[in-house]
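Student: Let me begin by handing over the structure; questions about it come next.
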Amino acid sequence: MDLIKVNNEPIDVNQLNDWLSQLPQDGAIVTFTGKVRSLEKQTISLFLEHYAGMTERVLANIAAQARERWQLSRIAIIHRVDEINANEQIVFVGASSAHRSDAFAATEFIMDILKSEAPFWKKERTSQGENWVQTKKTDKEALKKWY
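Numbering follows the working numbering, in which position 2 of the sequence shown is assigned residue number 763; successive positions increment by one, without gaps.
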């Protein structure tokens, strides 16, 4: 069972952990929560755009790829869009499985693929102005371990 959402609502990590933890056969729940960082550019916020419907299909496809590789019970992929302030949560990925190795690997795989393949467009707002964010070289490099 997969839970895939793209919306502008705050991420309720506790609720998602509860959902991932419901199956008694699962001994492992692994989650990743990403935040909007404010580093050297002093990011104030990110504005994310996406194609509704298309983005959810891509995320569902990423979850299906993870299921082909590992034994997983539940997968949650939640991504926020619109205006997200620095230090707020932007993404949540979680997987439940009978064994931790599958849940760890799947969660890392989903994040790596999502960062490079999901159709999101990010505009960063800083004290110096606004600019569109390009995919980082390190995100592209992370794909090499999966393909």
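A virtual CB, placed ideally from N, CA and C, is assigned to each residue, including glycine.
Since the structure is predicted, the reported quantities are computational estimates derived from the model, not experimental observations.
Taking the alpha carbon of A864 as the reference point, which residue from E878, Q832, N775 and Q895 has its own alpha carbon closest?
Tutor: Taking the first residue of the sequence shown as 1, we reach residue 864 at position 103. Measuring from the Cα of A864, the nearest candidate turns out to be Q832.
Student: Quick one, which of Y812, G890 and F870 has its alpha-carbon nearest F793's?
Tutor: Counting from 1 along the sequence shown, the entry for residue 793 is found at position 32. For F793, the closest alpha carbon among the candidates Y812, G890 and F870 is that of F870.
Student: Look up L833 in the DSSP assignment and say whether it is helix, strand or coil.
Tutor: To locate residue 833, count along the sequence shown from 1; it is residue 72. L833 falls in the coil class under three-state DSSP.
Student: Span of the beta strand (DSSP E) holding Q783?
Tutor: Residue numbering aside, residue 783 sits at position 22 when the sequence shown is read from its first letter. For Q783, there is no enclosing beta strand (DSSP E), as DSSP gives it neither H nor E.
Student: Could you check the C-alpha separation between I785 and S834 for me, to the nearest Å?
Tutor: On the sequence shown, position 24 is the one that residue 785 refers to. On the sequence shown, position 73 is the one that residue 834 refers to. Before going further, note that residue 785 is Pro rather than Ile in the sequence given. Looking at the two C-alpha atoms, the distance is approximately 11 Å.
Student: Do K796 and N846 have their CB atoms nearer than 7 Å?
Tutor: What you label residue 796 is simply residue 35 of the sequence shown in a count that begins at 1. What you label residue 846 is simply residue 85 of the sequence shown in a count that begins at 1. Contact flag unset, no.
Student: Can you list the beta strand (DSSP E) stretches of 3 or more residues lying completely in the region 828–891, in chain order?
Tutor: 835–841, 843–846, 850–858 and 881–887
Student: Assuming contact is defined by CB atoms lying nearer than 7 Å, are V842 and N892 in contact in what I supplied?
Tutor: Your numbering for residue 842 matches position 81 in the sequence shown. Your numbering for residue 892 matches position 131 in the sequence shown. The Cβ atoms of V842 and N892 lie no closer than 7 Å to each other.
Student: May I ask you to report which of helix, strand or coil DSSP gives E902?
Tutor: Here residue 902 is taken as the residue at index 141 of the sequence shown, counted from 1. E902 sits in a helix when the DSSP states are folded into three classes.
Student: When the Cα atoms are used, what is the spatial distance from P764 to S888?
Tutor: As a first step, residue 764 is located in the sequence shown; it is residue number 3 there, counting from the start. As a first step, residue 888 is located in the sequence shown; it is residue number 127 there, counting from the start. First, the amino acid is wrong: residue 764 is Leu here, not Pro. Cα to Cα, the separation comes out at about 36 Å.
Student: Here's a check: name, in chain order, each residue in its chain whose Cβ is nearer than 6 Å to the Cβ of V852, leaving out the five neighbours to either side.
Tutor: Residue numbering aside, residue 852 sits at position 91 when the sequence shown is read from its first letter. So the qualifying residues of the chain are G795 and H840.
Student: Would you tell me roughly how many angstroms separate the C-alpha atoms of A856 and V791, rounded to the nearest one?
Tutor: Working through the sequence shown from its first residue, we reach residue 856 at position 95. Working through the sequence shown from its first residue, we reach residue 791 at position 30. If I take the Cα positions, the gap works out to 6 Å.
Student: Could you work out which residue in Y908, K884 and P880 is closest to G814 when comparing CA atoms only?
Tutor: For the purposes of this step, residue 814 is identified with residue 53 of the sequence shown, where counting begins at 1. For the residues Y908, K884 and P880, the minimum Cα distance to G814 belongs to P880.
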